[in-house]
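Peer 1: Structure in structure tokens, see below.
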Amino acid sequence: MVKFILYITKFIITAAIALLFASCDNVNFGGGPSVKGDGNVVTENRNNNTEFTSIEASRALEVEIEQSNQNSITVVADKNLQNHITTQVENGVLKITTDVNIKDAESKKVIVKMPRIEALQASSAARIVVKNTIRANDLSLSSSSASAIEASFEGESLSAETSSAGNITISGKALKFEANSSSGSILNAEKLLANDITADASSGSGIDIHPLANLEARASSGGRITYHNKPKNNIVKKSSSGGSINEE
């Protein structure tokens, strides 16, 4: 009976993810009317004199990030959408969002250059892509509600969390990596080589990792953890309620 319930749960989550991704371009995220792009793409450089080290992106916008000595914000979008795409800095966080629900835009991209990157957060079908390798001591990544993050990292400590059909793909090198996934989300860190990894997957989500020295893995409620290398020193595996932890 428990297995049957888990299978049904996985089916429902999978179906919900498919519907959510299929409708991201025209979904209503609440707050403000829907606006269709006019197809006339223009580029606007946003003035900003406030330092920021983190980015939060939401509402199906596309964000392209480059770690650089420069600090700039450029919006490439349909002309009638420029005034609706907001880029505001609050407490060191650049918040990228829109006050309308954008439909059928030719472009809705924000290009950001920044010297220090400490945290990236995507939600509500936003997509963040980092064009070069992030070099930092610590980095935090978070993706939820059908959003996605693609990045490469080289540093000491990395934490990544996915939920509600969020998706993170991360590569590079780290001494310590903490991975958490839930609610049908995917965290692909197969190409991230990390000495010590702690991973926790639940509720039909999945994590792929590449541990070098130590691994502590927990999977529950249909969660899946796949490790693509046998760690040299120690493995601790705990699974329950249909969770699975396997080497590949």
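Quick note, the sequence shown lines up with residues -18 to -1, 1 to 230 if you use mature numbering (1 follows the signal peptide of the UniProt record, and there is no 0). Glycine included, every Cβ here is placed at the ideal spot set by N, Cα and C. All values derive from a computational prediction rather than experimental measurement.
(1) Per DSSP, Glu26 is paired with what?
(2) Hey, Asn22 and Lys61 are a contact pair by Cβ (cut 8 Å); roughly how many whole angstroms apart?
(3) For Val17, tell me which candidate among Thr80, Val71, Thr69 has the shortest Cα-Cα distance.
(4) To the nearest angstrom, how far is the alpha carbon of Asn216 from that of Ala156?
(5) Using CA coordinates, which residue listed in Ile110, Leu169, Ala147, Ile67 is at the minimum distance from Ser141?
(6) Exposed or buried, which one is Pro15 when buried takes at least 16 other CB atoms within 10 Å?
(7) Using only CA atoms, which one of Pro193, Ala130, Tyr209, Ser223 lies nearest to Glu230?
(8) Determine the contact status of Ile55 and Val112, defining contact as a CB-CB distance below 7 Å.
(9) Out of Phe135, His66, Asp182, Asn114, point me to the one whose CA is closest to Ser203's CA.
(10) What three-state label does DSSP hand His210 in the structure shown?
(11) Quick one, which of Asn73, Ser129, Gln70, Val57 has its alpha-carbon nearest Glu88's?
(12) Using DSSP bridges, identify the partner residues of Pro193.
(13) Report the residue from Ser122, Glu172, Arg200 whose alpha carbon sits nearest the alpha carbon of Leu194.
(14) Spatial neighbours of Glu143 within its chain, please: CB distance less than 6 Å, with the 5 preceding and 5 following residues excluded, ordered by chain position.
(15) Within a Cβ cutoff of 8 Å, which residues of the same chain sit near Glu138, ignoring the five residues on either side of it in sequence?
(16) Buried or exposed: Glu38, going by 16 or more other Cβ atoms within 10 Å of its Cβ?
(17) Nearest-angstrom Cα distance between Glu132 and Ile152?
(18) Using the rule of at least 16 other Cβ atoms within 10 Å of the residue's Cβ for burial, across every protein chain shown, is Lys90 buried or exposed?
(19) DSSP three-state call for Ala39: helix, strand or coil?
(20) Taking Lys212 as the reference, which of Ser184, Gly225, Asn177, Gly224 has the closest Cα?
(21) The beta strand (DSSP E) spanning Leu63 covers which residue range?
(22) Thinking C-beta only, is Ile99 closer than 7 Å to Gln52?
(23) Is it buried or exposed, Thr69, if we count other Cβ atoms within 10 angstroms and call 16 or more buried?
(24) Go ahead and pull the three-state DSSP assignment for Val94.
(25) Report the CB separation of Ser127 from Ala101 in whole angstroms; it is logged as a contact under 8 Å.
Peer 2: Short version:
(1) Partner(s): Val57.
(2) At roughly 4 Å, the Cβ-Cβ gap stays under 8 Å, so Asn22 and Lys61 are in contact.
(3) Closest in C-alpha terms to Val17, from the list Thr80, Val71, Thr69, comes Thr80.
(4) Approximately 17 Å between the Cα atoms of the pair.
(5) Looking at the Cα atoms, Leu169 is the closest of the given residues.
(6) Burial call: exposed.
(7) Residue Tyr209 is the option with its Cα nearest to Glu230.
(8) No. Outside cutoff.
(9) It is Asp182.
(10) Three-state result, His210: coil.
(11) For Glu88, the nearest C-alpha among the options comes from Val57.
(12) Beta-bridge pairing links Pro193 to Ala176.
(13) The shortest C-alpha separation from Leu194 is found at Glu172.
(14) Same-chain partners within the cutoff: Ser124, Asn162.
(15) Its chain contains Asn119, Asp120, Ala156, Leu157, Lys158 as the residues whose beta carbon lies nearer than 8 Å to that of Glu138, once the 5 sequence neighbours on both sides are disregarded; these appear in chain order.
(16) Glu38 should be labelled buried.
(17) When rounded, the distance between both Cα atoms is 6 Å.
(18) That one is buried.
(19) Correct three-state label for Ala39: strand.
(20) Nearest of Ser184, Gly225, Asn177, Gly224 to Lys212, Cα basis: Asn177.
(21) Per DSSP, Leu63 belongs to no beta strand (DSSP E) and is neither H nor E.
(22) Contact flag unset, no.
(23) Flag for Thr69 reads buried.
(24) Per DSSP, reduced to three states, the secondary structure at Val94 is strand.
(25) Between Ala101 and Ser127 the Cβ distance is about 17 Å, and since that is not below 8 Å, they are no contact.
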